[in-house]
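K.L.:
Supplied in structure tokens, the structure appears directly below.
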Amino acid sequence: MTRLWDRGEPLDALVLRYTAGEDHVLDERLVAYDLRASKAHAAMLAAHGYLSAADLEAVSAAVDELAAAHARGEWHIALEDEDCHTAIEARLTAQVGEAGKAIHLGRSRNDQVLAALRLYLKDALAALATRASRVAQVLGELAAAQGGLRMPGYTHLQRAMPSSVGLWAGAFAAELEDDAVGLRAATRRADKNPLGSAAGYGVPVVSLDREQTRAALGFAATQEPVTAVQLSRGKAEATALFEATLLATDLGRLAADLCLFATAEFAFVKLPDAFTTGSSMLPQKRNPDLFELIRGRTGEAAAALQEVLAVIAKMPSGYHRDLQLIKKPLFRGLDVVFDSATLMAHAVPAIVFDATRLEQALDPSLYMAETAYRLVQEEHIPFRDAYQRARHQGPGRRREP
Ligand code: ARG
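With my numbering, letter number 367 in the sequence shown gets 417, and the count goes up by one each step, no holes.
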């Protein structure tokens, strides 16, 4: 495989391995998106007389074939290809000859990778938002089935006031829905067409129709000026990872509650055997490993965000190969949160609250605030006086949370 920039001098094998890094593996998920962008770019070139109608037809058919064959797992990017862009252009040229070589007019891998990444990001964020909503939905179902059960509400992990399973589940459901909104909103920075910026400074002589590729790829806007494109790389990724980290945080806190509720000391919930793991030494144990790992993976998401921010910090403007290092934490961070949300949606329907244990935990002191509030309302005394009287008088009547 000759690289796109090959001038005949051989590339040191160690240097190739180090510079290509894991790109040939990571770029596998960008192949379909790069093909879509390549097809749109070719159509634009043809519309403006830079590619004949026959060549466009040949390129488009070859792109479709390559996409289908890749989806069937029939070809992969090799280390020697360096990245998906090289692998695709080489295969196109092998299939359609001259026309394959012609389509790199007016572009660079620098704008190509951004086009593919942004198309990927828009899909990935939509999929993650759907997963977040799914967890919210199963929590809503849990609230509908078991929400009437009363349980203590805690502050500082100390019993504070009466609450309910419905209020507990409803809180997480509402926040997860808000996370879904945040994830969808995070597409804004990814929704700009980078094509036409080429290496970062546009192209001489030929006039590109950036509006045509924008419309074909469904971007909301065309990024201007061309010099802003490389400066923005990593920011859409960081925004996506930030929102994903917030989702991971909510999943992790839900998981932390469930770990606590599953202890013998709380025993508010029973986790089915299929969702817990055993101990190699202690025969009696059932451990909530699933929830501990969902909690722990919050750190992986946050670390991925940190990694992206660290790559782009302090770099001069324009393209630099450092930017390639953004892909790994981006994919890892989004994948890990997607998996956590998937597993949480799978596990929540299996959670059964223990009504007896919940009732036992509702000790009368939880109603002291209520006693004070009643005194204020019924005897028209200031709250601080009512508070003192309630403290001496002890718990009062119960009400539904
Ligand atoms: N793999 C590269 C990246 O992700 C693609 C762009 C390479 N461009 C270059 N001028 N070497 O950044």
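From the three backbone atoms N, C-alpha and C, an ideal C-beta is built for every residue, glycine too.
Source: prediction; values computed, not measured.
Any beta-carbon of chain B closer than 7 Å to the one on residue 160?
P.N.:
You won't find chain B in this structure, because it holds only one protein chain.
K.L.:
Please report the straight-line C-alpha distance between residue 307 and residue 223, rounded to a whole angstrom.
P.N.:
Here residue 307 refers to the residue found at position 257 of the sequence shown. Here residue 223 refers to the residue found at position 173 of the sequence shown. Rounded to whole angstroms, residue 307 to residue 223 spans 14 Å at the Cα level.
K.L.:
As an exercise, report each continuous beta strand (DSSP E) stretch of at least 3 residues that is fully enclosed by the segment 257-312, in chain order.
P.N.:
Fully enclosed beta strand (DSSP E) runs of 3 or longer: not present.
K.L.:
Could you tell me whether any non-hydrogen atom of the ligand ARG is closer than 6 Å to the CB of residue 133?
P.N.:
The count along the sequence shown starts at 1 and reaches residue 133 at position 83. Checking every heavy atom of the ligand ARG against the Cβ of residue 133, one is found closer than 6 Å.
K.L.:
Ignore the nearest five residues each way along the sequence and tell me which others in residue 361's own chain have a CB closer than 6 Å to its CB.
P.N.:
Stepping through the sequence shown from its first residue, residue 361 is reached at position 311. Correct list, in chain order: 372, 375, 376.
K.L.:
Assuming residue 295 contacts residue 355 under a Cβ cut-off of 8 Å, what Cβ separation, rounded to an integer in Å, is found between them?
P.N.:
The residue you call residue 295 lines up with position 245 of the sequence shown. The residue you call residue 355 lines up with position 305 of the sequence shown. Right, their Cβ atoms sit about 5 Å apart.
K.L.:
Under 6 Å from any heavy atom of the ligand ARG, does the C-beta of residue 167 make it?
P.N.:
Along the sequence shown, one-based indexing puts residue 167 at 117. Not under cutoff, so the answer is no.
K.L.:
Is the Cβ-Cβ distance between residue 353 and residue 286 less than 7 Å?
P.N.:
Walking along the sequence shown from the start, residue 353 turns up at place 303. Walking along the sequence shown from the start, residue 286 turns up at place 236. Not a contact, by the Cβ cut-off of 7 Å.
K.L.:
Three or more C-beta pairs under 8 Å: does that hold for the segment 314-326 against the segment 394-408?
P.N.:
Segments in contact, yes.
K.L.:
Could you have a look at residue 255 and say whether DSSP puts it in helix, strand or coil?
P.N.:
As a working note, residue 255 is residue 205 in the sequence shown. Residue 255 falls in the coil class under three-state DSSP.
K.L.:
When you compare only the Cα positions, how much space is there between residue 60 and residue 363?
P.N.:
As a first step, residue 60 is located in the sequence shown; it is residue number 10 there, counting from the start. As a first step, residue 363 is located in the sequence shown; it is residue number 313 there, counting from the start. Those two C-alpha atoms are separated by around 33 Å.
K.L.:
Does the Cβ-Cβ distance between residue 236 and residue 191 come in under 7 Å?
P.N.:
Within the sequence shown, numbered from 1, the residue matching residue 236 stands at position 186. Within the sequence shown, numbered from 1, the residue matching residue 191 stands at position 141. No, the Cβ-Cβ distance between residue 236 and residue 191 is not below 7 Å.
K.L.:
To the nearest angstrom, how far is the alpha carbon of residue 14 from that of residue 105?
P.N.:
What is shown of the chain runs 51 to 451, which leaves residue 14 out entirely.
K.L.:
Does the segment 140-155 come close enough to the segment 111-124 that 3 or more CB-CB pairs lie under 8 Å?
P.N.:
The answer is yes - the segment 140-155 touches the segment 111-124, with three or more Cβ pairs under 8 Å.
K.L.:
Report yes or no: do the segment 339-353 and the segment 382-399 share at least 3 C-beta pairs separated by less than 8 Å?
P.N.:
Touching, per the Cβ criterion.
K.L.:
If the criterion is Cβ atoms closer than 7 Å, does the pair residue 395 and residue 421 meet it?
P.N.:
One-based indexing of the sequence shown puts residue 395 at position 345. One-based indexing of the sequence shown puts residue 421 at position 371. Not closer than 7 Å, so no.
K.L.:
From which residue to which residue does the alpha helix (DSSP H) around residue 213 run?
P.N.:
One-based indexing of the sequence shown puts residue 213 at position 163. From DSSP, residue 213 is part of no alpha helix (DSSP H) but of the beta strand (DSSP E) over 208-214.
K.L.:
Whole-angstrom Cβ separation of residue 81 and residue 120, contact assumed at under 8 Å?
P.N.:
Looking up residue 81 in the sequence shown gives position 31. Looking up residue 120 in the sequence shown gives position 70. So it is a contact: roughly 5 Å between Cβ atoms.
K.L.:
Which residues in the same chain have their Cβ closer than 7 Å to the Cβ of residue 196, if we skip the five residues on either side of it in sequence?
P.N.:
As a working note, residue 196 is residue 146 in the sequence shown. Within the same chain, residue 196 has close Cβ partners 215, 403.
K.L.:
Within its chain, find whatever has a CB closer than 6 Å to the CB of residue 207; leave out the 5 residues flanking it on each side and keep chain order.
P.N.:
Numbered from 1 along the sequence shown, position 157 holds the residue referred to as residue 207. Answer for residue 207: no residue qualifies.
K.L.:
Under the three-state reduction of DSSP, which class applies to residue 205: helix, strand or coil?
P.N.:
As a first step, residue 205 is located in the sequence shown; it is residue number 155 there, counting from the start. The answer is strand: DSSP assigns residue 205 an E or B state.
K.L.:
With which residues is residue 403 paired in a DSSP beta bridge?
P.N.:
Position 353 of the sequence shown, counted from the start, is the residue given in the question as residue 403. Residue 403 pairs with 319.
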